[in-house]
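Student:
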Amino acid sequence: MSRLVRPALRRALALSCATPGLLCAPALAQQVAAPFADAPPARDGTIALSEITVSATGVPTPIATTGSSVTVLTSDVLQAQQVRTAPDALRQVPGLNVVQTGGAGGQTSVFIRGTNSNHVKVLIDGIDVNDPSTPNRSSDFSQLQTEDLSRLEVLRGPQSGLYGADAIGGVISFVTRRGEGPPKVTAFAEGGSYGTFNQGGRLSGASGIFDYSFSVQHLRQAALPVTPFDLLPPGVPLRIAFTDIKTVSTKLGAQLTDTFRLNYVLRFSDSAYLDQADGGFPYRPTPYRNLNDQQQLLMRGEAEWTPLPGFHNVFGANYAKFDRLFAGPLDPLAPPTPSTYLGERTRFDYRGDIQLAPGHLLLFGAQREDERFQATGIDKSNGNTGGFAELQSAITDRAFLVANIRHDANDQFGGATTFRIAPSTILPYTETRLKGSVGTGFKPPTLSQLYQDYPAFRSFGNPNLRPEESFGFDGGFEQPLGDRVLVGATYFETDFRNLIQTAFFPTFSASVNVGRAVAYGAESFVSVKLTDTLSGRVDYTNTVTKDEIAHQELLRRPRHKVSATAIWDPMPQLTLTGTLVAIGSFVDGNRDFSVPRLKNPGFTLVNLSANYAYSDNLTLFARIDNLFDQRYQNPTGFLGAGLAVYGGVRVTSF
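Numbering-wise (numbering that gives the first Met the number 0), the sequence shown opens with residue 0 and increments by one.
Written as structure tokens, this is what we have:
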């Protein structure tokens, strides 16, 4: 095995111990490495398998041996860029459009390759965080901070063959850090524009059979203008947005024997967001503010058992609770009655993986999941039982295949079978990597769509809804040009059927399965390592979407997106980064959708950061966001932050 594969697999093994449900026992290192022991060398005699993905297959796998389109952002990159929230991290990922109603704390949705924002499966340490209390079971990314993240992965394309419901457009997986080494305390404080003051701290380490990580994070932004001035009615003052997000997380592990390990994850976040309230008909900004308060509790416990070499088992249990409160307008003369929403999900799961032969790994598992939605006038539950199998094969030393199939039986609507096949091969002499995938996805109706009624508006749930479905494929290549340049491109296409939309009848409205749509396009990139200390990458995504019933372009799907990143280490103690994100024009509705289709002109953002390691224990940092003070709205009717300057200090004790 070449000299780059071994460090990559060691990192993969460390990652597996940091990720619930993945290979962990040290004795399994050989099993992880076996499928790739004979992978082909690059032109310089090393091998380009140093980047590892977990989400694409369920186990640590070199990206070069998968056919899936996946982007990995590590904690080192996020810390160098000084990215504080998940939305800011995801903006640079190709194929994604991040829509946020204002700054940090504003409701945040993500569109992958033209799919709907609720077609994304979101996981934190293996826990499903798609919120059953929302009308479309989407995940709001606004609460998620990055300080305790080890990595995040974005897997694009239909993924229900492995992940089940909601993975029509793809999967976004966040993994938090695991404790290792001697006890260490890290703390940071940061301040800057818009009344921003952020702090965080982490205690981590390992002793004997135990490892631990405890983290606290606090993000506060007190003075961000979100409402455009031209929307303010005469005499109505601007009310700035206020954000306060607190997060506490814990990750514990105990390697009781060489073959048995226990893992536990706990995460709690509390987010309060105040923004300018709309009122009247049609809606217009009022002199008052709304309160959006969210609490999220996530827990997972699991046991890992390896009774025989090459045979690994994980038994796990999840609990997720989503507690939301909305109150507004906060008029002191007519205080509102708060609306509360509660979503809960429990899951019990088993997963096993066994090495059938060198280079061939079989994964299989089963899950039972129950979710509940409670709000005024409704308290409903639903459940799902699923099972899956996946084969990971190194067919030759240059040809690889991942194939999976899954069946889900939903208590409400019955069964659904999905699959995914992702081959990859590396051509001799040119070292061209060809990759592709084909798969299906499904999304069951939400509890709100099935059962929630709004009698005052003559709108009713529909218990006869069927799942939304998708069929997608992609294919592309990656080509090294010498030792320092890599180029690539991927074409993708996804067709959607039975999309759930609101239908209006003479005396009422309800959700029905009438929608059909298609999204297709291409992602291309150039990655360059100019010197040993300077590297960069440019991505371009072209996305075309079409509602095949209305024959219109889908909302909030920009056709063009360019993202560029660069990292430069001009001296050992100093790291500089630059990020550019350019979004082309797109179709959107206005703030209250009284104008359902208008053109948003798009925007370009440039961010810069600097990190200076004054000593092993002290780092000074500063950054500039939106360098050219671009005034933009995404979505339309909500201002993004203008030019902002931040600075702070990070202290580490060994």
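Ideal placement from N, C-alpha and C gives every residue a C-beta, glycine not left out.
Helix, strand or coil for residue 349, going by three-state DSSP, please let me know.
Tutor: Strand.
Student: Okay, do the stretch 138–158 and the stretch 84–97 touch, 3+ Cβ pairs below 8 Å being the bar?
Tutor: Short answer: they touch.
Student: Could you name the residues that DSSP lists as bridge partners for residue 360?
Tutor: In the DSSP output, where bridge partners are listed per residue, residue 360 has 354, 391.
Student: Measure from the alpha carbon of residue 582 to the alpha carbon of each residue in 630, 357, 550, then state which is nearest.
Tutor: Residue 582 has its Cα closest to that of 630, out of 630, 357, 550.
Student: Report buried or exposed for residue 187, applying the criterion of at least 16 other Cβ atoms within 10 angstroms of its Cβ.
Tutor: It is buried - the Cβ of residue 187 has at least 16 other Cβ atoms within 10 Å.
Student: Within the same chain, show all residues whose beta-carbon is closer than 6 Å to that of residue 227, passing over the 5 residues directly before and after it, in chain order.
Tutor: Correct list, in chain order: 638.
Student: Do the CB positions of residue 515 and residue 131 come within less than 8 Å of each other?
Tutor: No, Cβ-Cβ distance for residue 515 and residue 131 is not below 8 Å.
Student: Note down the Cα distance separating residue 171 from residue 200, rounded to an integer number of angstroms.
Tutor: So the alpha carbons of these two residues sit roughly 25 Å apart.
Student: What's the gap between the Cα of residue 338 and the Cα of residue 326?
Tutor: Approximately 6 Å between the Cα atoms of the pair.
Student: Starting from the Cα of residue 232, find the closest Cα among 185, 510, 203, 280 and give me that residue.
Tutor: For residue 232, the nearest C-alpha among the options comes from 280.
Student: According to DSSP, which residues form a beta bridge with residue 595?
Tutor: In DSSP, residue 595 forms no bridge with anything.
Student: Should the stretch 345–355 be regarded as contacting the stretch 327–335, the criterion being three or more beta carbon pairs within less than 8 Å?
Tutor: Too few Cβ pairs lie closer than 8 Å, so no.
Student: Kindly give me the distance between the Cβ atoms of residue 240 and residue 441, rounded to whole angstroms, as I take these residues to be in contact under 8 Å.
Tutor: With a Cβ gap of about 37 Å, residue 240 and residue 441 do not count as contacting.
Student: Could you tell me the alpha carbon to alpha carbon distance between residue 66 and residue 519, rounded to whole angstroms?
Tutor: If I take the Cα positions, the gap works out to 18 Å.
Student: With burial defined as no fewer than 16 other Cβ atoms inside 10 Å of the residue's Cβ, what is the status of residue 428: buried or exposed?
Tutor: Classification of residue 428: exposed, given that the 10 Å Cβ count is below 16.
Student: Could you tell me the distance, in whole angstroms, from the CA atom of residue 607 to the CA atom of residue 168?
Tutor: Roughly 31 Å between the two C-alpha positions.
Student: Under a Cβ-count criterion, where at least 16 other Cβ atoms within 10 Å of its own Cβ denotes burial, should residue 598 be classed as buried or exposed?
Tutor: The residue is exposed, with fewer than 16 neighbouring Cβ atoms inside 10 Å.
Student: According to DSSP, is residue 259 helix, strand or coil?
Tutor: DSSP places residue 259 in strand when its eight states are reduced to three.
Student: Would residue 80 be called buried (16 or more neighbouring beta carbons within 10 Å of its own) or exposed?
Tutor: Buried, since its Cβ has 16 or more Cβ neighbours within 10 Å.
Student: Do residue 182 and residue 447 have their C-beta atoms closer together than 8 Å?
Tutor: No, the Cβ-Cβ distance between residue 182 and residue 447 is not below 8 Å.
Student: Helix, strand or coil for residue 656? Go by DSSP, reduced to three states.
Tutor: Nothing about residue 656 can be reported from this structure: the residues present for the chain run from 0 to 653 only.
Student: Does the contact criterion of 3 or more C-beta pairs under 8 Å hold for the stretch 408–422 versus the stretch 376–391?
Tutor: With a cut-off of 8 Å, the stretch 376–391 and the stretch 408–422 count as touching, because enough Cβ pairs lie within range.
Student: Among the residues of its own chain, which have a CB less than 6 Å from the CB of residue 321, if the five just before and after it don't count?
Tutor: Correct list, in chain order: 130, 132, 295, 342.
Student: For residue 229, does the three-state DSSP call read helix, strand or coil?
Tutor: In the structure shown, residue 229 sits in a helix (DSSP, three-state: H, G or I).
Student: If you follow the beta strand (DSSP E) that residue 656 is in, where does it begin and where does it stop?
Tutor: What the structure shows of the chain is the stretch from 0 to 653, and residue 656 is not part of that stretch, so it cannot be assessed.
Student: Do you know how far the Cα of residue 261 is from the Cα of residue 9?
Tutor: Per-residue confidence for residue 9 stands at a pLDDT of 36, beneath the threshold of 50, marking its modelled position as unreliable; the derived number appears in the next sentence. Computed Cα separation, rounded: 21 Å.
Student: Where does residue 280 sit, in a helix, a strand or coil, going by DSSP?
Tutor: Coil.
Student: Counting only the same chain and skipping the five closest in sequence on each side, list residues whose C-beta sits under 6 Å from that of residue 151.
Tutor: Cβ neighbours of residue 151 beyond the five flanking positions: 72, 173.
Student: Go to residue 447, then tell me how far its beta strand (DSSP E) extends in each direction, as first and last residue.
Tutor: Counting along the chain, residue 447 falls outside any beta strand (DSSP E), though it belongs to the alpha helix (DSSP H) covering 446–450.
Student: Excluding the five sequence neighbours on either side, which residues of its own chain have a C-beta within less than 8 Å of the C-beta of residue 490, listed in chain order?
Tutor: Within the same chain, residue 490 has close Cβ partners 473, 474, 475, 519, 520, 521.
Student: Note down, in chain order, each residue of its chain lying with its Cβ closer than 7 Å to the Cβ of residue 596, except the 5 sequence neighbours on either side.
Tutor: Answer for residue 596: 586, 588, listed in chain order.
Student: Provide the residue span of the alpha helix (DSSP H) that contains residue 162, from first to last.
Tutor: From DSSP, the alpha helix (DSSP H) with residue 162 extends over 159–162.
Student: Confirm, please, whether the CB-CB distance from residue 272 to residue 330 is below 8 Å.
Tutor: The answer is no: Cβ separation not under 8 Å.
Student: What are the uninterrupted segments assigned as alpha helix (DSSP H) that are 4 or more residues long and contained completely in the stretch 99–164, given in chain order?
Tutor: Fully enclosed alpha helix (DSSP H) runs of 4 or longer: 159–162.
Student: Please state whether DSSP places residue 529 in a helix, a strand or coil.
Tutor: If DSSP states are grouped into helix, strand and coil, residue 529 belongs with coil.
Student: Just grab the DSSP bridge partners of residue 453 for me.
Tutor: Looking at the DSSP assignment, residue 453 forms a beta bridge with 458.
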